[in-house]
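Working notes, structure below.
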Amino acid sequence: QVQLVESGGGLVQPGGSLRLSCAASGNTFGINVMGWYRQAPGKQRELAALITSGGIANYADSVKGRFTISRDNAKNTVSLQMNSLKPEDTAVYFCYTGRFGSVYWGQGTQVTVSS
42 QVQLVESGGG
52 LVQPGGSLRL
62 SCAASGNTFG
72 INVMGWYRQA
82 PGKQRELAAL
92 ITSGGIANYA
102 DSVKGRFTIS
112 RDNAKNTVSL
122 QMNSLKPEDT
132 AVYFCYTGRF
142 GSVYWGQGTQ
152 VTVSS
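Be aware that the sequence shown starts at 42, since it is given in my numbering, and climbs by one per residue.
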């Protein structure tokens with residue numbers, strides 16, 4: 042089993058920045074992709090960004106140029122730097138990872154972008 046714990050959510054004004062972090066613990070051997078999904082009220086969960094163990098990142102079109110994902114393989118952590126935040130970025134952000142065909146999720150952290 043892998044446990045994921047997120048931190049860093051909160052309330053920010055439009056145009057502001059937040060940094061989300063996620064730490065994996067437990068049986069972390071073999072973790073490959075790590076990333077962030079988000080779910081806005083009344084909407085389906087959607088991918089925001091992911092990064093492979095080799096450092097290749099992919100982003101949703103809606104966050105390209107504003108969000109940057111990074112990871113530390115030695116510490117089993119993944120971070121999401123979110124800049125130029127918009128009200129439509131408001132959502133619960135979930136950290137996830139995959140290991141030998143299983144997917145693990147964090148509990149989610151709320152990000153609210155509002156003036």
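The beta carbon of each residue, even a glycine, is placed where N, CA and C say it ideally should be.
No experiment lies behind these values; they were computed from the predicted model shown.
{"Query": "With distances taken Cα to Cα, identify the nearest neighbour of A90 among G83, S155, R107.", "Result": "R107"}
{"Query": "Return the chain-ordered ranges of every beta strand (DSSP E) run that is complete within the region 93 to 119 and spans a minimum of 3 residues.", "Result": "98 to 100, 108 to 113"}
{"Query": "Taking C-alpha atoms, which residue in P82, C63, W77, E47 lies nearest to P128?", "Result": "P82"}
{"Query": "Nearest to T138 by alpha carbon, out of L61, S48, N68, I72?", "Result": "I72"}
{"Query": "What's the gap between the Cα of W77 and the Cα of F135?", "Result": "6 Å"}
{"Query": "Taking C-alpha atoms, which residue in A115, R86, S103, K84 lies nearest to G96?", "Result": "A115"}
{"Query": "Throw me the rounded Cβ distance for the Q151 and R60 pair, which I believe falls under 8 Å.", "Result": "Rounded, the Cβ-Cβ distance is 15 Å, inconsistent with contact."}
{"Query": "For V154, which of G50, F141, G142 has the nearest alpha-carbon?", "Result": "G50"}
{"Query": "According to the neighbour-count rule (16 or more other Cβ atoms, all chains shown, within 10 Å of its Cβ), is L126 buried or exposed?", "Result": "buried"}
{"Query": "By how many angstroms is the C-alpha of Q42 removed from the C-alpha of V144?", "Result": "10 Å"}
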